[in-house]
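Step one of this worksheet: look at the structure below.
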Amino acid sequence: MDRRDEGPSLSASPATVDLSRDSAADVDLTGKVHQLPCCIKYDGPASISHYFKPKPTGMEVDGLQVEEAYFRGRKLHGTTIALPQGYSGFVLGKKSPNAETNTTDSDCWQTNATFQNVTVWNHDAMPSKDDAFVRAFHWFTAANALHRSVTAEDLESTCID
């Protein structure tokens, strides 16, 4: 007897992401994206700029300018990290319902905002180049090297006779 997988069939269509930047609704959030060392269990509007006010300290650690802020009474130290050349950050949102068909495709996403830097905050330590978030940016260099085209000269220089 022929036995086949009788599990549920996954026939979902692939998700689509529209990263075009020509939308009038596209907002530039450069300087406003923060990575906080906490989990906030709230998803909605809040007047963040009224309460969260980062200030430069004038200190520099590992070549990184240190900022200071308080969140819920806890002192945070952070630094702003620019995204590598050729990279951009995107804030995605589900596409609005299609006016022609009056349906919402839950697998279609669009760009709501872009950004070019991220401010990374620490609670217990000063920011440094050894922070995991900062070190993750080194993977961009590795990815570029792995996907770079190999030339004949590259092959010749690595050949061992």
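The letter at position 86 of the sequence shown is residue 87 when you use the working numbering, and the numbering goes up by one with no holes.
Just so you know, even glycine gets a beta-carbon here, dropped at the ideal spot from N, CA and C.
Asked                                                                                                                                                                                   : Found
Starting from the Cα of residue 128, find the closest Cα among 141, 38, 47, 21 and give me that residue.                                                                                : 38
Are there three or more Cβ pairs, one per stretch, closer than 8 Å when the segment 109-129 is compared with the segment 66-73?                                                         : yes
Checking the sheet assignment: what are the DSSP bridge partners for residue 159?                                                                                                       : Per DSSP, none; premise fails for residue 159.
Please classify residue 18: is it buried, with 16 or more other beta-carbons within 10 angstroms of its beta-carbon, or exposed?                                                        : exposed
Kindly list the residues whose CB is nearer than 7 Å to the CB of residue 85, restricted to its own chain and excluding five residues on each side of it in sequence; keep chain order. : 138, 141
Return the CA-CA distance between residue 133 and residue 83, expressed in angstroms with no decimal places.                                                                            : 15 Å
Can you tell me whether residue 80 is buried or exposed, with buried defined as 16 or more other CB within 10 angstroms of its CB?                                                      : buried
When the Cα atoms are used, what is the spatial distance from residue 28 to residue 147?                                                                                                : 33 Å
Could you work out which residue in 120, 136, 143 is closest to residue 67 when comparing CA atoms only?                                                                                : 120
Quick check on DSSP: helix, strand or coil for residue 47?                                                                                                                              : coil
Here's the rule: buried if 16 or more other CB atoms are within 10 angstroms of the residue's CB, otherwise exposed. What is residue 152?                                               : exposed
Would you report the Cα separation of residue 33 and residue 97, rounded to the nearest angstrom?                                                                                       : 25 Å
Nearest CA to the CA of residue 114: which residue from 42, 131, 91?                                                                                                                    : 91
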